[in-house]
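K.L.:
First the structure, which I've put down as C-alpha cells, then a few questions once you've had a look.
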Amino acid sequence: MARALFLTNDFPPMVGGEARLYARICSCVPSDRVVVLAPRLRDHSLFDHQQPYSIVRVLAPTSPHPAARAVQLARMFFAAHRLLSSSDIRLLHVGHLYLGPVGLALRFRHGLPYVLYLHGGEMAPYMRSRTVRRAAQRVLDGASLVVANSRFTVAHYESLGIRLRTVEVLPPAADTRRFRPDVDATAVRERYGLTGCRVVLTVGRLVERKGHDLVIRAVAALGDEVGPLRYVVAGTGPEERQLRHLASALGVRDRVVFTGYVPDDELPALYAACDVFAMPSRAVATRDGVEGFGTVFLEAGACGKPVVGGRSGGVTEAVEDGTTGILVDPHDTRALVQALRRLLLDAELRRRMGQAGRARAERMEAAWAQSVRRIWDRTLVGSP
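Start counting at 1 in the sequence shown, then tack on 3, and there's your number in the numbering used here.
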C-alpha cells in the first residue's frame, strides 16, 4: 500500500502545539500509510515504541540559528532520499515552510508531490527580503496542496505578496479525550501552592508575542480585588529572566509561579487547576512574530475554562468573543484587567463560557478529523 512520508522538525516527545498537532495527524490516518521523519531526541525511544506508525529519527540540530538550519535541511534531505529510494512512499507531507526546500528538492529528485503546512508568522521577519520571498514562492508553487491553520495565515502570506495557488484552511483541534473538565487538579494545586487561590494560567513558550508581561502587569493592577490570586506561567523560553524581573519590580513576585518545563501529559491537570486561561498575544517584529491560531485556547476550552486572548493574528478564529472567552486589545492593559476582573468575580460567567468552550472544542475536533482523513486520502490517491 502506498504511504506518505511526514517530514517535521517538531514531533513528540518535543513539547509544543505543532509537535502535538503532527502526532495527532499521524494518529488520525491508518498506521500503515504514514512514516514520520523527525530529529533524534534524547528521550524519543519510549514514545516511538508506543506509536502504531513508523518513526525514523535523524541526527539533526533543532536550533533556529541559520547555520544549524542549513545542516538540518541537508540531513533531512539525505535521510528522506534514502527512504524514498527503497520504499513504497508516494507522497510527502512537509510540516514547515522552512523545510519546504527539502520537499521541493525531493520532488525534483524522485518526482513525488508534497503537501506543505503553514502556521502563520513562522517566516515573517525574513519576508522583508526579496530573495526569501522568491524562494518561499517557489516552494509554495511546487506544493500540490498548502494547508494553512487559519484564514488569517492565508491573508497574512497574501499581504506579503505571496500567492497561494492551492490552499485549504485546516484549523487545529484539541484532543478532547485528554483535555476534559473532569481531570483532577488537586495534586497540581498543591504542588504550586494554588490551594484557596484564584488562578490565571498561560501555557506557551516564554517569548514576547505571547504577552506574559501584560498578564503580570494586570495581576499587579488587580491587587486584592479578586481575593488571593496566582498567575501560573507554564513553559520555558528566552523571556523568563525579564518576566521574573518584572514580577519583582511590580511587587507581585509571590503571585507569579514559573513552572518551567511541563511534559505534555501533565498539561490537562494544569488547565484543570486554573480559573481563567489568558494569553494576550500580539504581533511583534521577531521570528514567529504573530500567533497563527492558538491551539491552547481550544485546549483550555476543552477543559471547561474561559479564555482571554489578544485580538491579534489568528487568535480571533480560536476564541469566540463573548461566547468561549473575551478578546482584548493586546496593547491595552486596562482592557485586560477588566476582562480578568469580570471573569474572576463571576463564577456563572466562567461556567457558561467554559461549557461553550467545551462544546466548541468537541465540534471542531470532529470536523478536523474528517478533514485530515479527506486531505490525506485525496492527496495520496492522486499521487503517482
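A virtual CB, placed ideally from N, CA and C, is assigned to each residue, including glycine.
Within the continuous alpha helix (DSSP H) that includes Ala-190, where are the two ends?
P.N.:
For Ala-190, the uninterrupted alpha helix (DSSP H) segment begins and ends at 189-194.
K.L.:
Using DSSP bridges, identify the partner residues of Met-282.
P.N.:
Gly-312
K.L.:
Gly-96 by DSSP, collapsed to three states: which one?
P.N.:
Per the sequence shown, residue 96 should be read as His rather than Gly. It is a strand residue.
K.L.:
Please report how far the alpha carbon of Trp-371 lies from the alpha carbon of Gly-325, in whole angstroms.
P.N.:
23 Å
K.L.:
Determine the extent of the beta strand (DSSP E) in which Ala-223 is found, giving its start and end residues.
P.N.:
Not the beta strand (DSSP E): Ala-223 falls in the alpha helix (DSSP H), residues 215-225.
K.L.:
Note down the Cα distance separating Lys-213 from Leu-330, rounded to an integer number of angstroms.
P.N.:
14 Å
K.L.:
Buried or exposed, going by whether 16 or more other CB atoms sit within 10 Å of the CB of Phe-111?
P.N.:
Taking every protein chain shown into account, the CB of Phe-111 has fewer than 16 other CB atoms within 10 angstroms, so this residue is exposed.
K.L.:
Do Thr-169 and Gly-123 have their C-beta atoms within less than 8 Å of each other?
P.N.:
no
K.L.:
Given a cut-off of 8 Å, decide if Leu-232 and Cys-277 are closer than it, judged by their beta-carbon atoms.
P.N.:
Taking 8 Å as the cut-off, the beta carbon of Cys-277 is found no closer than this to the beta carbon of Leu-232.
K.L.:
Contact check, Ala-275 vs Ala-176 under 8 Å by CB: the rounded distance?
P.N.:
Going by Cβ atoms, the distance from Ala-275 to Ala-176 rounds to 19 Å, so no, they are not a contact pair.
K.L.:
Between the C-alpha atoms of Pro-266 and Val-186, what's the straight-line distance to the nearest angstrom?
P.N.:
16 Å
K.L.:
Return yes when the Cβ of Leu-209 is within less than 8 Å of the Cβ of Leu-167, no when it is not.
P.N.:
no
K.L.:
Shortest alpha-carbon distance to Thr-327 belongs to which of Arg-354, Leu-347, Leu-348, Ala-338?
P.N.:
Nearest C-alpha to Thr-327: Arg-354.
K.L.:
If distances are taken between C-alpha atoms only, which option among Ser-57, Leu-197, Gly-240, Gly-196 comes closest to His-215?
P.N.:
Gly-240
K.L.:
Could you name the residues of the same chain whose beta carbon sits closer than 6 Å to that of Tyr-120, not counting the 5 residues immediately before and after it, in chain order?
P.N.:
Contacts found: Gly-98, Val-150.
K.L.:
Return the chain-ordered list of same chain residues with a C-beta closer than 7 Å to the C-beta of Pro-64, the five sequence neighbours on each side being excluded.
P.N.:
Ala-71, Val-74, Gln-75
K.L.:
Whole-angstrom Cβ separation of Arg-183 and Ala-305, contact assumed at under 8 Å?
P.N.:
Right, the Cβ-Cβ distance comes to about 6 Å (below 8 Å), so this counts as a contact.
K.L.:
Check whether the Cβ atoms of Ala-7 and Leu-383 sit closer than 8 Å, and answer yes or no.
P.N.:
yes
K.L.:
Span of the alpha helix (DSSP H) holding Ile-28?
P.N.:
Unbroken alpha helix (DSSP H) run through Ile-28: 20-31.
K.L.:
In its own chain, which residues sit with a C-beta less than 6 Å from the C-beta of Thr-298, not counting the 5 before and 5 after it?
P.N.:
Gly-20, Pro-175
K.L.:
Return the CA-CA distance between Val-61 and Ala-82, expressed in angstroms with no decimal places.
P.N.:
Taking the straight line from one Cα to the other gives about 7 Å.
K.L.:
How big is the Cα-Cα spacing for Leu-94 and His-113?
P.N.:
10 Å
K.L.:
Rounded to a whole number of angstroms, what is the C-alpha to C-alpha distance between Ala-364 and Ile-28?
P.N.:
16 Å
K.L.:
What whole-angstrom Cβ distance do Val-279 and Phe-300 have, given they're in contact under 8 Å?
P.N.:
In fact, because the Cβ distance is near 12 Å, the residues do not count as touching under 8 Å.
K.L.:
For the alpha helix (DSSP H) that Glu-302 lies in, which residues bound it at each end?
P.N.:
298-305
K.L.:
So with Cβ pairs under 8 Å, would you call Arg-258 a contact of chain C?
P.N.:
Among the chains in the structure shown there is no chain C, since it carries only a single protein chain.
K.L.:
So Thr-205 and Met-282 are supposed to be a Cβ contact under 8 Å. How far apart are they, rounded?
P.N.:
5 Å
K.L.:
Relative to the C-alpha of Val-340, which residue among Arg-361, Glu-228, Gly-360, Val-39 is closest?
P.N.:
Glu-228
K.L.:
Report back the beta-carbon spacing between Leu-44 and Pro-16 to the nearest angstrom; my notes put them in contact at under 8 Å.
P.N.:
6 Å
K.L.:
For the alpha helix (DSSP H) holding Val-259, just list the boundary residues, first then last.
P.N.:
Careful: Val-259 lies outside any alpha helix (DSSP H), inside the beta strand (DSSP E) at 259-263.
K.L.:
Please state whether the Cβ-Cβ distance between Thr-336 and Ala-224 is less than 8 Å.
P.N.:
yes
K.L.:
Closest to Lys-308 by C-alpha separation, out of Leu-49, Ala-77, Glu-351, Asp-332, would be which residue?
P.N.:
Glu-351
K.L.:
DSSP has Gly-360 in a bridge; who is on the other side?
P.N.:
DSSP, once it has assigned bridges, lists no residue as partnering Gly-360.
K.L.:
Alpha carbon to alpha carbon, how far is Phe-14 from Pro-116?
P.N.:
22 Å
K.L.:
Going by DSSP in three states, Thr-134 sits in which element: helix, strand or coil?
P.N.:
helix
K.L.:
Would you tell me roughly how many angstroms separate the C-alpha atoms of Tyr-25 and Ser-90, rounded to the nearest one?
P.N.:
22 Å
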